[in-house]
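Undergrad: Residue numbering for the sequence shown follows our numbering, beginning at 880 and increasing consecutively.
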Amino acid sequence: MKPRPFDYRRAASVEEACRLLAGPGEPRVIAGGQSLVPMMNLRLVSPGLLVDIGGLAELRTVTLAGEALHVGALVRHREVETDPLVARYVPLLANAVRHVAHQAVRNRGTLGGSLCHADPAAEFPACMLVLEATMHIASTGAERTVAAGDFFRGMFATALEPGEMLTGVSIPLAAARDPAALHEMSRRHGDLALAGIVGRRGHGLERWAAFGIEDRAVRLAHLEALLAAKPQAGEAEMLAALAIDLPSTAGAGTAGRAKLVIAAELARRCRDDIDRVSEAA
Ligand SMILES: Cc1cc2nc3c(=O)[nH]c(=O)nc-3n(C[C@H](O)[C@H](O)[C@H](O)COP(=O)(O)OP(=O)(O)OC[C@H]3O[C@@H](n4cnc5c(N)ncnc54)[C@H](O)[C@@H]3O)c2cc1C
C-alpha cells in the first residue's frame, strides 16, 4: 500500500518547524521515519504535510547542562548506543538501546521519535519514567517542559499539543548514575517487547516502570513501595504488587495473568542485577 498524497517541507530552524506545525494540512514531524513511514504506508495516519526536522543539527547533540544530561530529540538510537557521555552518565539508556530494533532501524530512528511515537512496547518511554526525565517542548514563540510522568498519555498519545514538537530531554545526573536495570521478553531480539520491566534504586528510593504490558509505559508505585520496604521481597510478593499496578492486565483473563507472571520474573531479574551493581560499587 502507498501513502495518501502529502506535501513536504524541510525546516531550517526549530522556529520554522513550529510555524509549519501550527499551520494547515494536519502537519506532522518526520524525524527518522522508522515508525511514521510504515504507518503512512498502511494509511493508519495520513498527514497532509510532513515537516522534516532532520536538518536541525542543534537537536542532535548530547551535552552536560548543570546537573543534567541533555539529549537532543534528533539523537539517533545508534548515537545513544555509542555516545561516551551517555555511556558514562546514563548507563541505563546505553543498555536499553541494545533492545531497540535492529541496527538498520537504530541507524535512522531518533530518541525524540521514539518518545513522541509513544509505542506502549517501546523501551525509551519507560526509561524516561524511571529516570524522572524532563521533556523539552517548543511551539511558535514558546517553550515549556513536561515531566516524563505526565508526557505519556496512552497508546501512541502524548502531552504534545498541535503545533508543538519535542526538542530534547534532560535526565538528572543524580538519578542517571543510580544502579538500574532493564529486562524484557520479545519474540526475537530487536522486536518490540511483549513485556518489559525497568528499575532504578538510589538514595533509599525505588523507581520502577513497565512497558509492553498496559496501553502505555507505566510507573509501578506498589512495586516501588514493596521493594523500598523489603528489598528482598519474593517473586510472589512482587507479582501481588504488579497486579495492583497493572489493573487492566490483571483483569485480562489468562493471557493477562500470564503477562503478570512474566513481569514478576523480569522484575526479579532487574532487582538481582541492581543488587549485584550495588554490591560491587
Ligand atoms: C522493524 C522495526 C522494529 C522496531 N523495534 C523497536 C523496538 O524494539 N523498540 C522500540 O522502542 N522501537 C522499535 N521500533 C521503532 C523505532 O525505534 C523508531 O525509530 C522510533 O519509534 C521512531 O523514531 P523515528 O525517529 O524514526 O520517528 P518517526 O518515525 O519519524 O516519527 C514517529 C512519530 O513521532 C513524531 N515525532 C518524531 N520526532 C518528533 C519530535 N521531535 N517532536 C514531535 N513529534 C515527533 C512523528 O510525527 C511521528 O508521529 C522499531 C521499528 C521498526 C521499523
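We put the beta carbon where it would ideally sit given N, CA and C, even for glycine.
(1) Could you tell me the alpha carbon to alpha carbon distance between Ala-890 and Arg-1086, rounded to whole angstroms?
(2) Relative to the alpha-carbon of Thr-1013, which residue among Leu-1045, Leu-1125, Ile-1050 has its alpha-carbon at the smallest distance?
(3) What does the alpha-carbon distance come out to for the pair Ser-1127 and Gly-1135?
(4) Taking the continuous alpha helix (DSSP H) assigned at Thr-961, which residues delimit it?
(5) When we look at the beta-carbon of Glu-1043 and count the other beta-carbons within 10 Å, is it buried (16 or more) or exposed?
(6) For Pro-963, is the classification buried or exposed, using 16 other Cβ atoms within 10 angstroms of its Cβ as the cut-off for buried?
(7) Taking its Cβ as the centre, do 16 or more other Cβ atoms sit within 10 Å of Met-1034, making it buried, or is it exposed?
(8) Measuring alpha carbon to alpha carbon, tell me which residue in Thr-1046, Gly-1075, Ser-914, His-981 is nearest Ala-1005.
(9) Take the Cβ of Val-1140 as the centre, count every other Cβ of all protein chains shown within 10 Å, and call the residue buried at 16 or more, exposed below.
(10) Classify Lys-881: buried if its beta carbon has 16 or more other beta carbons within 10 angstroms, exposed otherwise.
(11) Could you tell me how far apart the beta carbons of Thr-1037 and Leu-938 are, in whole angstroms, since I believe they sit closer than 8 Å?
(12) CA-CA distance, Ala-1000 and Phe-885?
(13) Using a 10 Å radius around the Cβ and a threshold of 16 neighbouring Cβ atoms, would you call Leu-935 buried or exposed?
(14) For Arg-1088 and Val-1009, which I take to be in contact (beta-carbon distance under 8 Å), what is that distance rounded to the nearest angstrom?
(15) If you scan the region 1060-1143 from start to end, which runs of the alpha helix (DSSP H) of 4 or more residues do you find wholly inside it?
(16) Quick one: Cα of Ala-1072 to Cα of Leu-1039, how far?
TA: According to the data block:
(1) Annotation: Ala-890 to Arg-1086 spans about 38 Å, alpha carbon to alpha carbon.
(2) Measuring from the Cα of Thr-1013, the nearest candidate turns out to be Ile-1050.
(3) 8 Å
(4) 956-961 is the span of the alpha helix (DSSP H), which, as asked, contains Thr-961.
(5) buried
(6) exposed
(7) exposed
(8) Gly-1075
(9) exposed
(10) exposed
(11) Going by Cβ atoms, the distance from Thr-1037 to Leu-938 rounds to 17 Å, so no, they are not a contact pair.
(12) 28 Å
(13) buried
(14) According to the sequence displayed, residue 1088 carries Ala and not Arg. In this structure Ala-1088 is in contact with Val-1009, their Cβ atoms being roughly 5 Å apart against a cut-off of 8 Å.
(15) 1100-1108, 1114-1124, 1126-1129
(16) 24 Å
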